[in-house]
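In numbering that gives the first Met the number 0, the protein residues as written are 0 to 99. Note that CB positions come from ideal geometry on N, CA and C, so glycine has one too.
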Amino acid sequence: MASAGIPCAHCSRVGQGWLLCDDTEVLRPAGMREMIRQWNEAGENPRINRSPAQLARFFDGLEMLEPGLVSVSLWRPDAAEVGAPAAVDDFGAVARKPSL
Numbered sequence: 000m001a002s003a004g005i006p007c008a009h010c011s012r013v014g015q016g017w018l019l020c021d022d023t024e025v026l027r028p029a030g031m032r033e034m035i036r037q038w039n040e041a042g043e044n045p046r047i048n049r050s051p052a053q054l055a056r057f058f059d060g061l062e063m064l065e066p067g068l069v070s071v072s073l074w075r076p077d078a079a080e081v082g083a084p085a086a087v088d089d090f091g092a093v094a095r096k097p098s099l
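Structure follows, in C-alpha cells:
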C-alpha cells in the first residue's frame with residue numbers, strides 16, 4: 000500500500016487479515032522528521048511519516064482488532080517486571096474482513 004506514492008514501512012496479509020505499522024510524528028515530531036530526512040537523503044526507497052488518521056484509512060472496510068491503531072509497543076503488551084512499555088512513534092494495527 001502506498002500514500003503519496005510511498006509505501007508503508009511494514010504491511011502484510013495474514014490469512015484473512017491485514018497487519019500494518021508505520022512511522023508517525025505523534026510523540027517526537029522533530030526527531031522523527033529528522034530521521035526521515037536522513038533516511039531519504041541516504042537511501043533509494045523514500046519514506047514519509049503519517050498521522051494515525053492517515054494510517055487508519057488503510058483499514059477502511061475492515062474490522063480492526065482491539066486495541067485498534069496504537070503505538071506498536073502498546074499493542075497487547077505482555078506484562079513486564081520492569082514496568083509498562085513506553086510508546087514509540089511507530090503505530091500499527093491488525094484488522095480482518097468483517098463478519099457477515
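Chain-order list of residues whose beta-carbon lies under 6 Å from that of residue i (same chain, five-residue window excluded)
i: residue 95; result: 15, 16 and 62
i: residue 89; result: 20, 22 and 71
i: residue 64; result: 93
Within 8 Å, strictly: CB atoms of residue i and residue j
i: residue 35; j: residue 46; result: yes
i: residue 31; j: residue 40; result: no
Nearest-angstrom Cα separation, counted from residue j out to residue i
i: residue 83; j: residue 74; result: 12 Å
i: residue 91; j: residue 12; result: 14 Å
i: residue 100; j: residue 81; result: The question about residue 100 has no answer, for the chain in this structure spans 0 to 99.
Residue i, DSSP secondary structure in three states
i: residue 74; result: coil
i: residue 80; result: coil
Same chain only: Cβ atoms within 7 Å of residue i, ignoring 5 sequence neighbours per side
i: residue 86; result: 26, 70, 72 and 73
For residue i: DSSP bridge partner residues
i: residue 17; result: 12 and 94
i: residue 69; result: 91
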